[in-house]
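See below for the structure under consideration.
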Amino acid sequence: MAPSERLEITMKTEELAANLRGDLLTPDSAEYDTTRAVYNAMIDKKPSAIAMCVDAADIQTCVNFARDHNLPLAIRSGGHNAGGLGSVDGGLVIDMSKMRGIRVDPKAKTVRIQPGCRWGDVDHAAHPYGLAVPAGMISTTGCGGLTLGGGVGYLTRKFGLTIDNLLEADVVLADGSMVVAGPDENADLFWALRGGGGNFGVVTSFLFRGNPVHRIFGGPTLWELDRTKEIMKWYREFILQAPEELSGFFAFLTVPPGPPFPEHLHLHKMCGVVWCYSGNLEKAEELFAPIRELEPDLYGVQEMPFPMLNSAFDALYPPGHQWYWRADFFTEISDASIAEHVKWGAALPTTLSTMHLYPIDGAAHRVGAEDTAWSYREANWAGVIVGVDPDPANAGKLRDWAVGYHDAVHPHSSGGAYINFMMEEGQERIQASYRGNYDRLAEIKAKYDPNNFFKVNQNIRPKS
Ligand SMILES: Cc1cc2nc3c(=O)[nH]c(=O)nc-3n(C[C@H](O)[C@H](O)[C@H](O)COP(=O)(O)OP(=O)(O)OC[C@H]3O[C@@H](n4cnc5c(N)ncnc54)[C@H](O)[C@@H]3O)c2cc1C
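The numbering used here applies: residue 18 is where the sequence shown begins, and numbers increase by one.
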């Protein structure tokens with residue numbers, strides 16, 4: 018960078034810093050490198066500045082500043098995005114990690130959260146009231162990105178996607194104004210926020226419905242890989258007929274080499290299902306009887322508080338690993354696709370690499386394909402293939418496996434993918450994931466962000 022350019026940026030950021038309550042980090046700040054790092058260490062972006070926003074006014078200030086100075090802007094909640102869309106080279110990052118307040122209203126059964134919350138924060142606050150908001154499998158994931166992309170998790174079959182539980186949002190728009198989006202106010206914006214990602218503004222507050230979930234019966238059941246074909250064929254029938262209180266995602270994984278896993282299974286590649294039953298616990302044993310009959314090599318299912326299951330994989334997947342992602346929706350798990358799963362599941366390239374099929378039927382199917390931006394309401398599974406490893410030297414191996422596996426199963430998929438399981442894969446792939454809803458999203462984008470100011474995301478281009 019030329020010295021004159023650097024001087025200009027320094028002057029600009031001093032002006033911004035003076036108008037913020039939160040700190041503004043620049044490449045000279047001691048915390049710059051640790052703060053700019055996102056969850057996926059394969060991504061290494063270097064923003065010009067990171068604003069550690071503490072309130073909605075800070076966020077408005079950043080939006081106005083970036084727009085007026087023509088700076089690229091990234092919005093970061095938990096920083097988990099696969100493609101590193103929570104950061105941007107040479108631009109400004111709105112970091113909301115200091116904004117993690119939550120208010121549970123036990124009477125109205127609602128949960129209002131600030132945009133920097135992680136799902137572990139929400140579980141922690143809502144659990145004492147016997148409430149839960151449907152979200153993901155890892156409690157360190159940010160609520161902002163996960164919600165706006167859709168939100169798939171253990172409670173989807175019973176209570177729907179995370180967006181199906183969103184009641185209202187406060188949003189800072191591209192022009193710096195603040196609006197409320199809900200069913201009766203800016204309803205078009207509310208429609209677009211539910212699945213359209215960070216394309217329409219910065220959400221500074223989310224209001225969710227809290228659902229009655231407290232203690233659950235859950236955990237993994239695992240089988241040796243030579244039973245993959247049999248288990249997948251059984252699973253595809255069983256889960257779609259199971260009561261909606263029961264969810265279970267199919268997985269290939271490598272058993273971690275330590276407790277609580279039995280020593281004889283350590284480092285075994287296995288297939289299995291991770292279960293969550295949130296119904297009447299007295300019925301749990303009966304419900305799990307057919308699963309026991311399949312004689313899993315590991316039966317790790319037990320009663321526990323819901324937040325315990327939701328954070329069970331956190332330690333296995335700390336920030337800072339290399340991650341390479343590919344994804345698809347599936348309406349069926351065909352025999353032909355099972356043949357590919359058998360082959361690619363056996364070839365997991367590292368001990369942390371995995372493939373998951375998350376069931377998204379039940380309550381998620383009762384919302385129409387055009388009722389929110391999430392178009393694939395008929396799909397039964399959101400599939401994700403992730404190559405994961407701490408060692409950057411293995412990045413190529415992770416990518417080759419994920420891409421090869423995806424190429425093999427994609428022809429058996431529904432066509433598009435859950436945008437939150439995608440890296441930056443281009444416009445065609447984004448449009449395939451919104452299908453018929455893309456046009457309406459582009460129209461709403463043109464109304465709220467006509468210059469495509471919010472473009473560090475799975476971008477929806479404003480309709481011209
Ligand atoms: C280990 C791991 C496990 C996961 N498990 C699940 C799962 O079980 N279920 C599931 O559905 N997804 C899951 N995901 C995917 C996850 O939903 C996405 O990675 C999501 O983008 C993460 O959200 P974030 O806020 O942490 O991301 P960030 O990187 O902080 O943000 C990503 C993007 O979201 C947008 N954004 C974030 N906050 C706001 C806001 N307040 N206003 C406007 N735009 C905003 C921006 O466009 C931003 O670029 C998982 C991801 C990881 C890494």
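The C-beta atom is built at its ideal place from N, Cα and C for all residues, glycine as well.
Quick caveat: nothing in here was measured; it's all calculated off a predicted structure.
Item: Nearest by alpha-carbon distance to tryptophan 340: which of Phe305, Ala412, Tyr375 is it?; Value: Ala412
Item: Can you tell which of Phe278, Pro279, Pro145, Tyr171 has the C-alpha that lies nearest to the C-alpha of isoleucine 155?; Value: Tyr171
Item: Are the beta-carbon atoms of valine 71 and glycine 103 separated by less than 8 Å?; Value: no
Item: I'd like the span of the alpha helix (DSSP H) that includes phenylalanine 438, first residue to last.; Value: Neither: phenylalanine 438 is in no alpha helix (DSSP H) and is coded neither H nor E.
Item: Decide yes or no for the touch test of the stretch 262-279 against the stretch 220-228: beta carbon pairs closer than 8 Å, at least 3 of them.; Value: no
Item: With H, G and I counted as helix, E and B as strand and the rest as coil, what does DSSP make of tyrosine 341?; Value: strand
Item: Which word fits aspartate 45, buried or exposed, when buried means at least 16 other C-beta atoms lie within 10 angstroms of its C-beta?; Value: exposed
Item: Applying the 10 Å Cβ sphere with the 16-neighbour rule, what's the burial state of leucine 190?; Value: buried
Item: So, glycine 108 versus serine 65, is the Cβ gap smaller than 8 Å?; Value: yes
Item: Give me whichever residues DSSP pairs with methionine 321 in a beta bridge.; Value: Ile233
Item: Between which two residues does the alpha helix (DSSP H) carrying glycine 79 extend?; Value: Strictly speaking, residue 79 in this sequence is cysteine, with glycine absent from that position. Residues 73-85.
Item: Hey, which unbroken runs of the alpha helix (DSSP H) at 4 residues or more fall wholly within the stretch 280-332?; Value: 301-310, 323-327
Item: Three Cβ pairs or more, each shorter than 8 Å: is that satisfied between the stretch 416-430 and the stretch 359-373?; Value: yes
Item: Of the choices Ile477, Val110, Leu33, whose alpha-carbon is the least far from that of isoleucine 436?; Value: Ile477
Item: Tell me, which residues are paired with alanine 47 by DSSP?; Value: Alanine 47 pairs with nothing; no bridge assigned.
Item: When we look at the beta-carbon of glycine 162 and count the other beta-carbons within 10 Å, is it buried (16 or more) or exposed?; Value: buried
Item: Is any non-hydrogen atom of ligand 1 found closer than 7 Å to the C-beta of threonine 158, if you look at the structure I gave you?; Value: yes
Item: Roughly how many angstroms separate the alpha carbons of methionine 113 and arginine 383, rounded to a whole number?; Value: 33 Å
Item: Nearest to valine 403 by alpha carbon, out of Leu210, Gly218, Pro366, Gly337?; Value: Pro366
Item: Starting from alanine 68, trace the beta strand (DSSP E) in both directions and tell me its first and last residue.; Value: 66-69
Item: Below 8 Å on the Cβ atoms is my guess for arginine 232 versus tryptophan 391; work out the distance and round it to an integer in Å.; Value: Contact doesn't hold; Cβ gap of about 30 Å is too wide.
Item: Whose CA, out of Phe438, Leu282, Cys293, lies closest to the CA of serine 264?; Value: Cys293
Item: Assuming threonine 371 is part of the beta strand (DSSP E), what are its boundary residues?; Value: 371-376
Item: Between the alpha carbons of aspartate 345 and glycine 168, how many angstroms are there, rounded?; Value: 15 Å
Item: In the DSSP assignment, find the alpha helix (DSSP H) that holds glutamate 460 and state where it starts and stops.; Value: 455-465
Item: Are leucine 165 and valine 220 closer than 8 Å when you measure CB to CB?; Value: yes
Item: Could you check how far apart the C-beta atoms of histidine 338 and proline 273 are, in whole angstroms? I think they sit under 8 Å.; Value: The Cβ separation is near 14 Å, so there is no contact.
Item: Below 8 Å CB to CB, which residues in the same chain sit around asparagine 469 once its five sequence neighbours on both sides are set aside?; Value: Lys462, Asn476, Arg478, Pro479
Item: DSSP three-state label for threonine 271, please.; Value: strand
Item: Does the distance between the C-beta of alanine 91 and the nearest non-hydrogen atom of ligand 1 fall short of 7 Å?; Value: yes
Item: What are the partner residues of glutamate 185, as DSSP defines its beta bridges?; Value: Leu224
Item: Taking C-alpha atoms, which residue in Leu304, Ala410, Val473 lies nearest to glutamine 258?; Value: Leu304
Item: Out of Phe438, Thr368, Gly95, point me to the one whose CA is closest to aspartate 138's CA.; Value: Gly95
Item: Classify proline 324: buried if its beta carbon has 16 or more other beta carbons within 10 angstroms, exposed otherwise.; Value: buried
Item: Given this structure, state the Cα-to-Cα distance separating cysteine 79 from lysine 115, to the nearest angstrom.; Value: 15 Å
Item: Measure the C-alpha to C-alpha separation of glycine 235 and glutamine 319 and round it to an integer number of angstroms.; Value: 6 Å
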